[in-house]
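Trainee: Take a look at the following structure, please.
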Amino acid sequence: MKPPPFDQRELRDVLGTFVTGVTVVTTRAADGKAYGVTANSFSSVSLDPPLVLWSQSVSSSSHPAFRDTDHFAVNILADDQVQLSNHFAKSRDDKFVGIPHSDGLSGAPVLQGAAAHIECVKVATYPGGDHVVYLGRVERITRGGRRPLAFGQGRYMVPYAHDLGPMALGVGQAPPPSTEAVRIATDAMPAISRAVGDHTLCLAVWGNHGPTCVRFEPGAQPVSAYLRTGLVVSVTRSATGRAFAAFLPPEITRSFVDEDFRLSHSSLESESLQRAVFEGEVEQARGRGIARSANTEPSPIHGVAVNAFSAPLRDGEGRMVMALSVASQATRLAPDIDGEVPALLKRAAEDISARLG
Ligand SMILES: Cc1cc2nc3c(=O)[nH]c(=O)nc-3n(C[C@H](O)[C@H](O)[C@H](O)COP(=O)(O)O)c2cc1C
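Below you can see the structure in the form of structure tokens.
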């Protein structure tokens, strides 16, 4: 046979990008001895009839035992069972000494603390190169209610949900970014900070108290000691707040906008003036795709005048899920909305959005 156009290492690396769970497959031989091996080749095959498979290296020392028995149990490991996985991945005489377990239907050990157990009757064995594939009909399933362990790219992993799943959004709630979306944006921030001139960047979500900084990337000259993770900024005066006001559905932000004006203005005249400025900026943000806060007076939070721009990060459905903002002391960042910094930030936000599922 012609040799494949890749080496084994490359093949292993590519296959490793397919993330799996981790199982310990067990069986009990006719002489009563128990066997168990760590395996991530486990896969579901059919629901009706209920069939699963796993494959075993023919060179592993327990291969004769699995070959000769007519049953196996698949223990799907929980996320805190890395040690157990490593234990069953090494050849040793009696792997079950000191490992809490009970006997399953056919005597195959069922390990305590696993995420789930699948007990099978072996119905077929297929040759598979240096492995054999065992097909099993599922006889009994149990769920441990634990989170599963994952394995990919040669490492153990802890899986987390991409989003909140079937939990419905409440009325007036902003769509939350997925954990992955926050990670993608966070990873991109150092390079964007450098590209816009070493200014401070802030990644914000719409939290239960309004625009909330969840990550920040300090620039060469910090804005102030107050611009940091956890800061909740004004929805009407900050660029970040204005971005949310411009790009989230108004019913989500309206009460926060009203409350902001109520708290920050002593007279009706000053409030209506500020409302006009705010509404003008929000209108401009919608037109330009980027919000701004331009100031000559010191900010009440930072004690210095701060200029900032903020661009929406949108999910695959086009909904704003985060704001990416650049802020600097006003002497270092021109407030010109047509300037280079807002153009770079907007493009960077669009690039990130294109990667958010
Ligand atoms: C995460 C992980 C997944 C593994 N998956 C498999 C597998 O699917 N099939 C297999 O034959 N060996 C697999 N191994 C290696 C076996 O666990 C190992 O060869 C076996 O436990 C050796 O024990 P034995 O000498 O008792 O057979 C895996 C190892 C690890 C760490």
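Residue numbers (numbering that gives the first Met the number 0): 0 to 356. Cβ coordinates follow ideal geometry from the N, Cα and C atoms, glycine included.
Could you please give the first and the last residue of the uninterrupted alpha helix (DSSP H) stretch that includes Gly229?
Mentor: Within the sequence shown, residue 229 is the residue found at index 230, counting from 1. For Gly229, there is no enclosing alpha helix (DSSP H), as DSSP marks it with neither H nor E.
Trainee: Return no unless some Cβ of chain D is closer than 8 angstroms to the Cβ of Gly206.
Mentor: Note that chain D does not occur in the displayed structure, where there is just one protein chain.
Trainee: Go through the stretch 76-159 residue by residue and report every complete run of the alpha helix (DSSP H) that reaches 4 residues or more, in order.
Mentor: 81-87
Trainee: Taking the alpha carbon of Ala88 as the point to measure from, which residue in His208, Ala173, Glu316 and Thr25 has its own alpha carbon closest?
Mentor: Within the sequence shown, numbered from 1, the residue matching residue 88 stands at position 89. Considering only alpha carbons, the answer is Thr25.
Trainee: Where does the unbroken beta strand (DSSP E) through Ser61 begin, and where does it stop?
Mentor: On the sequence shown, residue 61 is found 62 positions in, with the first residue counted as 1. Segment: none, Ser61 is in no beta strand (DSSP E) and carries neither H nor E.
Trainee: Among the residues of its own chain, which have a CB less than 6 angstroms from the CB of Ala347, if the five just before and after it don't count?
Mentor: Taking the sequence shown and counting its residues from 1, the one referred to as residue 347 is at position 348. Contacts found: Ile191.
Trainee: Can the beta-carbon of Ala28 be found closer than 8 angstroms to that of Asp67?
Mentor: Within the sequence shown, numbered from 1, the residue matching residue 28 stands at position 29. Within the sequence shown, numbered from 1, the residue matching residue 67 stands at position 68. Taking 8 angstroms as the Cβ cut-off, Ala28 and Asp67 qualify as a contacting pair.
Trainee: Three or more C-beta pairs closer than 8 angstroms, one from the stretch 73-90 and one from the stretch 100-118: is that the case here?
Mentor: Result yes; three or more Cβ-Cβ pairs closer than 8 angstroms.
Trainee: Determine the extent of the beta strand (DSSP E) in which Ala29 is found, giving its start and end residues.
Mentor: Working through the sequence shown from its first residue, we reach residue 29 at position 30. Taken as a continuous stretch (DSSP letters only), Ala29 belongs to no beta strand (DSSP E), as it is neither H nor E.
Trainee: Can at least three beta-carbon pairs, one atom from the stretch 318-331 and one from the stretch 301-310, be found at a separation below 8 angstroms?
Mentor: yes
Trainee: Closest by CA to Arg136, which one among Ala242, Gly356, Arg214 and Leu50?
Mentor: Taking the sequence shown and counting its residues from 1, one reaches residue 136 at position 137. Ranked by Cα distance from Arg136, the first of Ala242, Gly356, Arg214 and Leu50 is Leu50.
Trainee: Assign Asp79 to buried or exposed, taking buried as 16 or more other Cβ atoms, counted over all protein chains shown, within 10 Å of its Cβ.
Mentor: To locate residue 79, count along the sequence shown from 1; it is residue 80. Result: exposed.
Trainee: Measuring CB to CB, does His130 end up less than 8 angstroms from Ser105?
Mentor: Working through the sequence shown from its first residue, we reach residue 130 at position 131. Working through the sequence shown from its first residue, we reach residue 105 at position 106. Taking 8 angstroms as the Cβ cut-off, His130 and Ser105 do not qualify as a contacting pair.
Trainee: Go ahead and pull the three-state DSSP assignment for Pro249.
Mentor: To locate residue 249, count along the sequence shown from 1; it is residue 250. Pro249: helix per DSSP, three-state reduction.
Trainee: On the three-state DSSP scale, how would you describe Gln273?
Mentor: In the sequence shown, the residue the question calls residue 273 occupies position 274. Helix.
Trainee: Just jot down, in chain order, the residues whose CB lies closer than 5 angstroms to any heavy atom of ligand 1.
Mentor: Val36, Thr37, Ala38, Asn39, Ser40, Gln55, Ser56, Ser59, Ser60, Ser61, Ala88, Ser90 and Phe150
Trainee: Identify, in the order they occur along the chain, each residue of the same chain with its Cβ nearer than 7 angstroms to the Cβ of Arg274, setting aside the five sequence neighbours on each side.
Mentor: Translated into positions along the sequence shown, residue 274 becomes position 275. Only Phe260 meet the Cβ criterion.
Trainee: Is it right to say Phe5 is buried, meaning 16 or more other beta carbons lie within 10 angstroms of its own, or is it exposed?
Mentor: Looking up residue 5 in the sequence shown gives position 6. Phe5 should be labelled exposed.
Trainee: Going by the DSSP bridge assignment, what does Thr19 pair with across the sheet?
Mentor: Stepping through the sequence shown from its first residue, residue 19 is reached at position 20. Its beta-bridge partners are Phe150.
Trainee: Is the stretch 314-322 in contact with the stretch 201-220, if contact means three or more CB pairs nearer than 8 angstroms?
Mentor: Because the criterion of three Cβ pairs below 8 angstroms is met, the stretch 314-322 and the stretch 201-220 touch.
Trainee: Figure out for me which residue from Ala353, Asp314 and Gly31 has the closest Cα to the Cα of Pro176.
Mentor: Here residue 176 refers to the residue found at position 177 of the sequence shown. It is Asp314.
Trainee: Determine the direct distance from the alpha carbon of Val96 to that of Ser90, and round the result to whole angstroms.
Mentor: Numbered from its first residue, the sequence shown carries residue 90 at position 91. Numbered from its first residue, the sequence shown carries residue 96 at position 97. Their backbone Cα atoms lie some 13 angstroms apart in a straight line.
Trainee: State buried or exposed for Lys1, treating a residue as buried only when at least 16 other CB atoms are found within 10 Å of its CB.
Mentor: For the purposes of this step, residue 1 is identified with residue 2 of the sequence shown, where counting begins at 1. Per the 10 Å Cβ criterion, exposed.
Trainee: Starting from the C-beta of Val44, find all residues in its chain whose C-beta is less than 8 angstroms away, skip the five residues before and the five after it, and write them out in chain order.
Mentor: Sequence index remark: in the sequence shown, residue 44 carries index 45 (1-based). For Val44, where only same-chain residues beyond five positions count, the Cβ hits under 8 angstroms are Leu50, Val51, Leu52 and Leu134.
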